[in-house]
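Residue numbers (this note's numbering): 288 to 475.
Built from N, CA and C at the ideal position, the CB exists for glycine as well.
Some notes on the structure that comes next.
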Amino acid sequence: MGRLIDVIVRLHNGVFGVIERALDGWFLGLAARFAFAGVLFGYYWNSALTKIEPGLFGFLSIRDAAYFQMLPPIVEAYGYDVSQIPTFPWGLVVTVGTYSEFLLPVLIVAGLFTRIAAFGMIVFVFVQSYVDIAFHGVDDATIGSLFDRIPGSAIMDQRTLWLFLLGFLVVKGAGAISVDGLLRRWRR
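Written as structure tokens, this is what we have:
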């Protein structure tokens with residue numbers, strides 16, 4: 288029995304050692320960015336589009352809707368008149384948040400400054416989740432709970448997976464097949 292276990296362990300280590308060596312340094316970063324592109328890029332891009340004016344130069348103008356989405360209690364405090372909200376700090380928060388929703392996902396998919404962009408997205412997800420829970424009145428089913436055997440909640444379950452994906456990119460980077468990888472090779 289001991290010899291059989293030794294054979295199985297050697298076979299296991301041999302097969303998965305080959306796979307690990309073949310994929311090391313390039314595959315997981317590429318796969319993480321591909322998953323981000325397939326699952327989250329469109330989500331954040333479309334969300335950002337709701338915050339700017341339409342048209343070719345619409346990105347130069349932030350819609351009132353951005354304030355309502357990002358800063359509900361501030362908008363309420365100023366009588367729902369966005370023109371009365373101070374530019375500093377609130378206008379700056381909305382502007383940076385809106386353009387970050389465009390820029391950070393593009394950087395992640397391209398693999399450029401991936402670790403910084405992924406860290407920025409982690410902060411963004413935490414802020415987004417806080418605003419959803421504290422100000423948009425999402426229900427308990429939407430918030431969910433970890434370790435509850437029900438994996439479908441939009442905040443705790445889905446966003447935990449988003450954070451894992453982004454956390455991987457912060458820790459390991461985009462991998463060799465990325466702009467970061469090209470820059471790293473070029474600097475050598």
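Ranked by Cα distance from residue 448, the first of 300, 322, 421 and 407 is 322. Residue range 351 to 357 is occupied by the alpha helix (DSSP H) that includes residue 356. Membership of residue 419 in the alpha helix (DSSP H) is indicated by the continuous run 401 to 421.
Here residue 461 is actually not in contact with residue 454; their C-beta atoms are around 14 Å apart, not less than 8 Å. The DSSP-derived three-state label of residue 339 is strand.
The stretch 302 to 312 and the stretch 428 to 444 do not touch, with fewer than 3 CB-CB distances between them shorter than 8 Å.
In this structure, the straight-line span from the alpha carbon of residue 428 to that of residue 411 is close to 22 Å. Taking each of 386, 307 and 377 in turn and checking the Cα distance to residue 404, the smallest one comes out for 386.
Counting C-beta atoms within 10 angstroms of its own C-beta, residue 288 has fewer than 16 neighbours from the protein chains shown and is therefore classed as exposed. Between the stretch 331 to 338 and the stretch 348 to 364, the count of Cβ pairs shorter than 8 Å is three or higher; the stretches touch. Residues of the same chain with a CB within less than 7 Å of the CB of residue 452, apart from the 5 flanking positions on each side, are 319, 322 and 323 in chain order.
Residue 346 places its beta carbon less than 9 Å from that of residue 389.
Of the candidates 327, 407 and 463, the residue whose Cα lies closest to the Cα of residue 445 is 327. Around the beta-carbon of residue 395, 16 or more other beta-carbon atoms lie within 10 Å, marking it buried. For residue 364, the three-state secondary structure derived from DSSP is helix. For the pair residue 431 and residue 316, the CB atoms are not nearer than the 9 Å cut-off. A residue is called buried once 16 or more other Cβ atoms fall within 10 Å of its Cβ, and residue 392 is buried on that count. In the DSSP annotation of this structure, residue 288 is not part of any alpha helix (DSSP H), being labelled neither H nor E. For the 9 Å CB-CB criterion, residue 422 and residue 373 do not form a contact.
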